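Undergrad: Protein chains in written order, with this note's numbering: chain A, 1 to 149; chain B, 1001 to 1149; chain C, 2001 to 2149; chain D, 3001 to 3149.
Ideal Cβ placement from N, Cα and C applies to all residues, glycine included.
Quick caveat, the model's predicted, so the values are computed rather than measured.
Below is one structure. I have some questions about it.
There are 4 protein chains.
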Amino acid sequence: MTRISDPHFAERVRASFALQHAMSLIRATLPLIEHGRAEIHLPHWSGVEQQHGFVHGGVVGMIADSAGGYAAFTLMPADASVLTVEYKINMLAPAAGDLLIATGEVLKPGRSLSIVRADVFAVQGDRRTRVAAMQQTLMVMHGVADEKI
Amino acid sequence: MTRISDPHFAERVRASFALQHAMSLIRATLPLIEHGRAEIHLPHWSGVEQQHGFVHGGVVGMIADSAGGYAAFTLMPADASVLTVEYKINMLAPAAGDLLIATGEVLKPGRSLSIVRADVFAVQGDRRTRVAAMQQTLMVMHGVADEKI
Amino acid sequence: MTRISDPHFAERVRASFALQHAMSLIRATLPLIEHGRAEIHLPHWSGVEQQHGFVHGGVVGMIADSAGGYAAFTLMPADASVLTVEYKINMLAPAAGDLLIATGEVLKPGRSLSIVRADVFAVQGDRRTRVAAMQQTLMVMHGVADEKI
Amino acid sequence: MTRISDPHFAERVRASFALQHAMSLIRATLPLIEHGRAEIHLPHWSGVEQQHGFVHGGVVGMIADSAGGYAAFTLMPADASVLTVEYKINMLAPAAGDLLIATGEVLKPGRSLSIVRADVFAVQGDRRTRVAAMQQTLMVMHGVADEKI
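In structure tokens, the structure reads:
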């Protein structure tokens, strides 16, 4: 998609994710980090449910936002950090299933702003259903490595 | 804003909120329920933080979504439930402070769709800073009381 | 994507488009109508420019909204009409070029709501640049054929 | 709302608006420019209609986007120009009435990004109905006066 501005992007993303208490609170993991792409997984467990036993829409938004943010972060220089400017999310179906997978993919990387699309899928056995679709704007903060903010 | 279609709206909202495990996981409470308006409070604690010690943007989105959704729910008939169709949120400032307050206010209630604006403020002593602004679309599901879905 | 609920969908879409004065005002055309997909073309001419000689962002929004709306409309039954509930659009690059192409593609058709993604590309000779990305929610109005509203 | 960074902001906004062919194409005017606020008016005429005789949603989006953009522009320094990053708009009611009024109001001005809320009202005699609600992100481009881009 674009040239690699930091060859150690995966380590950088992993280190940032490890510092997010909110991600461990909901039991989310980050098993896939590619150049311009990231995936967050979330097992379905009772702590993240809403009143009908599905995963809470806010939690679906959290993992989509993180997948998108880290997708953008993989394309940023080593001395930069990433900030969510805004996002818009459509809920397409109840977040049922054993596992949720949020995928983020950079649509347009930029020097100061990056635009990303993210999707959340519910997985139940062989079936994979899209449950949410997000479009997101992120800001590159140059000269402020992520762990130093 | 509109006539009261269910005089017991506050009890209905409180009962629905109590069933949301995800809200208790993040330690959110719902101290204010008015006709067309709702407020969610969230203490700042380590479990909801992101990598820089602020409250995670996804958690900010969760409480804004809930405040907006319950604001819309107060205007719905007793036999209806509420579903988030989509929302868009701008992050305006880091969610610092001891307490976050999310306020939802119905802009346009409707028979099938309701449009809501929600804001999140960070409170530190006397200071109240707007940290997020949301615009949201919710769906009324008639004939399906919230706890029966 | 989904079964065809009206075999005459293309005629229906074309008839609706022909009634939109605003589309002829900006000189937009609708050269492609497929099941779940539509394309609007807009030549670059002085009347649709903003202050820097690019196509006005609002006009870019208009053709994206229309491409998305008609994509959704192709999947609706013959006695239904389509209404934009809301959309979100990111401007990715200045709308330069001789021609703009807006493409709409249904992400999730629904009985009452349809979710669509639309993109706008600027074409200059062989080059095609994405200038906008939209995510959109549309409402199906059953029992109200489009020309009868 | 914030200190005045350019005392001649109204002239600057008016000059920029005068250069937008697309605004004169749809017959929009800019009768109100205040610090942090702007209003666009649009008479209802046949050229801006959609298939049912209401003002086209895309045109509603155009005037909301412009009102918001110019509201933000009033707070920017003299050597800056304004760019729409993205917006989200909800259509609340058909744009009927003799006149549409779009109002933009800055929620949070910033050095690089400004967040704005805009609303569109349809006016018919004494009645004023909100027909659209927008939330918008704009970018400040420093060192590039608007007419020089």
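On the premise that VAL2120 of chain C lies in contact with ALA2180 of chain C, defined as a C-beta separation below 8 Å, what is that separation, rounded to the nearest angstrom?
TA: Absent from the model: residue 2180 of chain C. The displayed extent of chain C is 2001 to 2149, so no value can be given.
Undergrad: Could you pull the DSSP bridge partners for MET1062 of chain B from this structure?
TA: Within the second sequence, residue 1062 of chain B is the residue found at index 62, counting from 1. Its beta-bridge partners do not exist; DSSP assigns none.
Undergrad: Quick check: is the beta carbon of LEU1025 of chain B nearer than 8 Å to any beta carbon in chain D?
TA: Sequence index remark: in the second sequence, residue 1025 of chain B carries index 25 (1-based). LEU1025 of chain B does not count as touching chain D.
Undergrad: When the cut-off is 8 Å and only beta carbons count, does GLN1135 of chain B lie next to chain E?
TA: Here the protein chains are A, B, C and D, and chain E is not one of them.
Undergrad: What in chain C is Cβ-close to LYS1088 of chain B, meaning under 7 Å?
TA: Within the second sequence, the letter at position 88 stands for residue 1088 of chain B. Correct list: LYS2088.
Undergrad: Leaving aside the five residues before and after GLY3158 of chain D along the sequence, list all residues of the same chain whose C-beta is less than 6 Å from its C-beta, in chain order.
TA: In the structure as shown, chain D starts at 3001 and stops at 3149, and residue 3158 of chain D therefore has no counterpart that could be examined.
Undergrad: Quick one: list the residues of chain A neighbouring ALA1103 of chain B, beta-carbon separation under 9 Å, in chain order.
TA: The sequence position of residue 1103 of chain B within the second sequence is 103, counting from 1. As written in the sequence, residue 1103 of chain B is Thr, which differs from the Ala given in the question. In chain order: nothing, as chain A lies at least about 16 Å away.
Undergrad: By the criterion of Cβ-Cβ separation under 8 Å, what are the contact partners of VAL2048 of chain C in chain D?
TA: Residue mapping note: residue 2048 of chain C aligns to position 48 of the third sequence, counting from 1. Within chain D, the residues near VAL2048 of chain C are HIS3021, ALA3022 and LEU3025.
Undergrad: On the three-state DSSP scale, how would you describe SER3114 of chain D?
TA: Working through the fourth sequence from its first residue, we reach residue 3114 of chain D at position 114. Three-state DSSP puts SER3114 of chain D in a strand.
Undergrad: Tell me the DSSP secondary structure of ARG3014 of chain D in three-state form.
TA: The sequence position of residue 3014 of chain D within the fourth sequence is 14, counting from 1. Correct three-state label for ARG3014 of chain D: helix.
Undergrad: In this structure, how does DSSP classify ILE3149 of chain D when only helix, strand and coil are distinguished?
TA: In the fourth sequence, the residue the question calls residue 3149 of chain D occupies position 149. Note that ILE3149 of chain D scores a pLDDT of 43, beneath 50, so its modelled location is shaky and nothing firm can be said.
Undergrad: Under 8 Å between C-beta atoms, does LEU1092 of chain B make it to chain D?
TA: Looking up residue 1092 of chain B in the second sequence gives position 92. By this cut-off, LEU1092 of chain B is an interface position.
Undergrad: Report the residue from A:PRO94, A:LEU42, A:THR129 and A:GLU105 whose alpha carbon sits nearest the alpha carbon of THR137 of chain A.
TA: The residue labelled residue 137 of chain A in the question sits at position 137 within the first sequence. The shortest C-alpha separation from THR137 of chain A is found at A:GLU105.
Undergrad: What is the rounded straight-line gap between the Cα of GLY3110 of chain D and the Cα of VAL3013 of chain D?
TA: Against the fourth sequence, residue 3110 of chain D aligns to sequence position 110. Against the fourth sequence, residue 3013 of chain D aligns to sequence position 13. Rounded to whole angstroms, GLY3110 of chain D to VAL3013 of chain D spans 18 Å at the Cα level.
Undergrad: Helix, strand or coil: how does DSSP classify VAL1968 of chain C here?
TA: The structure shown does not extend to residue 1968 of chain C, since chain C is modelled only from 2001 through 2149, so no value can be given for it.
Undergrad: Hey, could you find the ends of the alpha helix (DSSP H) LEU3025 of chain D is sitting in?
TA: By 1-based counting over the fourth sequence, the position of residue 3025 of chain D is 25. Here the alpha helix (DSSP H) through LEU3025 of chain D covers 3021-3025.
Undergrad: Are LEU2042 of chain C and ALA2022 of chain C close, meaning C-beta to C-beta below 8 Å?
TA: In the third sequence, residue 2042 of chain C corresponds to position 42, counting from 1. In the third sequence, residue 2022 of chain C corresponds to position 22, counting from 1. No, these two residues do not count as a Cβ contact at 8 Å.
Undergrad: Can you list the alpha helix (DSSP H) stretches of 4 or more residues lying completely in the region 27-80 of chain A, in chain order?
TA: 57-73, all fully within the region 27-80 of chain A.
Undergrad: Looking only at its chain, what residues have a beta carbon closer than 8 Å to the beta carbon of ILE149 of chain A, apart from the 5 residues adjacent to it on each side?
TA: Taking the first residue of the first sequence as 1, we reach residue 149 of chain A at position 149. Its pLDDT being 43, under 50, ILE149 of chain A is placed unreliably in this model, and the value from its coordinates should be taken loosely. If we look at ILE149 of chain A and ignore the five residues flanking it on each side, its Cβ neighbours are SER81 and MET141.
Undergrad: On the DSSP bridge assignment, give the partners of HIS2140 of chain C in chain order.
TA: Here residue 2140 of chain C corresponds to residue number 140 of the third sequence, with the count starting at 1. One detail in the question is off: residue 2140 of chain C reads as Val in this sequence, not His. Beta-bridge pairing links VAL2140 of chain C to C:VAL2082.
Undergrad: Below 8 Å, how does it come out for the region 2062-2077 of chain C and the region 65-77 of chain A: are there three or more Cβ pairs, yes or no?
TA: Touching, no.
Undergrad: Using the Cα positions of ALA3067 of chain D and GLY2061 of chain C, report the straight-line distance between them to the nearest angstrom.
TA: Position 67 of the fourth sequence, counting from 1, holds the residue named residue 3067 of chain D. Position 61 of the third sequence, counting from 1, holds the residue named residue 2061 of chain C. About 15 Å.
Undergrad: Using beta-carbon positions only, say whether ARG130 of chain A and LYS2108 of chain C come within less than 8 Å of one another.
TA: In the first sequence, the residue the question calls residue 130 of chain A occupies position 130. In the third sequence, the residue the question calls residue 2108 of chain C occupies position 108. Yes, these two residues count as a Cβ contact at 8 Å.
Undergrad: Just checking: is the beta-carbon of VAL1106 of chain B within a distance shorter than 8 Å of some beta-carbon in chain C?
TA: For the purposes of this step, residue 1106 of chain B is taken as residue 106 along the second sequence, with counting starting at 1. No, VAL1106 of chain B lies away from the interface with chain C (no Cβ there is under 8 Å from its Cβ).
Undergrad: Counting only Cβ pairs nearer than 9 Å, list the residues of chain D close to ARG1130 of chain B.
TA: The count along the second sequence starts at 1 and reaches residue 1130 of chain B at position 130. Neighbours of ARG1130 of chain B on chain D, chain order: LEU3107 and LYS3108.
Undergrad: Is it the case that the Cβ atoms of ILE3033 of chain D and VAL3048 of chain D are separated by a distance below 8 Å?
TA: Here the question's residue 3033 of chain D lines up with position 33 in the fourth sequence. Here the question's residue 3048 of chain D lines up with position 48 in the fourth sequence. Not a contact, by the Cβ cut-off of 8 Å.
Undergrad: Name the residue from C:PHE2054, C:LEU2019 and C:GLN2135 whose alpha carbon lies nearest to the alpha carbon of ILE115 of chain A.
TA: One-based indexing of the first sequence puts residue 115 of chain A at position 115. If we check each option's Cα against that of ILE115 of chain A, C:GLN2135 comes out closest.
Undergrad: Between C:PHE2054, C:TYR2070 and C:ARG2117, which lies nearest to GLN3051 of chain D when the distance is taken from Cα to Cα?
TA: What you label residue 3051 of chain D is simply residue 51 of the fourth sequence in a count that begins at 1. That would be C:TYR2070, whose Cα lies nearest to the Cα of GLN3051 of chain D.
Undergrad: Please confirm if ILE1115 of chain B has its CB atom under 8 Å from at least one CB of chain D.
TA: Counting from one through the second sequence, the residue named residue 1115 of chain B turns up at place 115. For ILE1115 of chain B, the answer is yes, since a Cβ of chain D falls inside 8 Å of its Cβ.
Undergrad: So with CB distances below 7 Å, who are the chain A contacts of VAL3085 of chain D?
TA: Indexing the fourth sequence from 1 puts residue 3085 of chain D at position 85. Residues of chain A passing the Cβ test: LEU113 and THR137.
Undergrad: If distances are taken between C-alpha atoms only, which option among D:VAL3085, D:HIS3044 and D:LEU3030 comes closest to THR3103 of chain D?
TA: Looking up residue 3103 of chain D in the fourth sequence gives position 103. Per the Cα distances, D:LEU3030.
Undergrad: Can you say whether HIS2044 of chain C is buried or exposed, counting buried as having 16 or more other CB atoms within 10 angstroms of its CB?
TA: Translated into positions along the third sequence, residue 2044 of chain C becomes position 44. Buried: at least 16 other Cβ atoms inside 10 Å.
Undergrad: If we ignore side chains and look at the alpha-carbon of each, how far apart do GLY36 of chain A and VAL3085 of chain D end up?
TA: On the first sequence, residue 36 of chain A is found 36 positions in, with the first residue counted as 1. On the fourth sequence, residue 3085 of chain D is found 85 positions in, with the first residue counted as 1. Roughly 21 Å between the two C-alpha positions.
Undergrad: Nearest CA to the CA of ALA3132 of chain D: which residue from D:ASP3126, D:MET3139 and D:ARG3117?
TA: Position 132 of the fourth sequence holds residue 3132 of chain D. Minimum Cα distance to ALA3132 of chain D is reached at D:ARG3117.
Undergrad: Pull up the CB-CB distance for ASP3006 of chain D and ALA3078 of chain D, whole angstroms please, since I reckon it's below 8 Å.
TA: Here residue 3006 of chain D is taken as the residue at index 6 of the fourth sequence, counted from 1. Here residue 3078 of chain D is taken as the residue at index 78 of the fourth sequence, counted from 1. With 8 Å as the limit, ASP3006 of chain D and ALA3078 of chain D qualify as a contact, their Cβ atoms being about 4 Å apart.
Undergrad: Drop a sphere of 10 angstroms on the beta-carbon of GLY3097 of chain D, count the other beta-carbons inside from all chains shown, and report buried for 16 or more, exposed for fewer.
TA: Translated into positions along the fourth sequence, residue 3097 of chain D becomes position 97. GLY3097 of chain D comes out buried.
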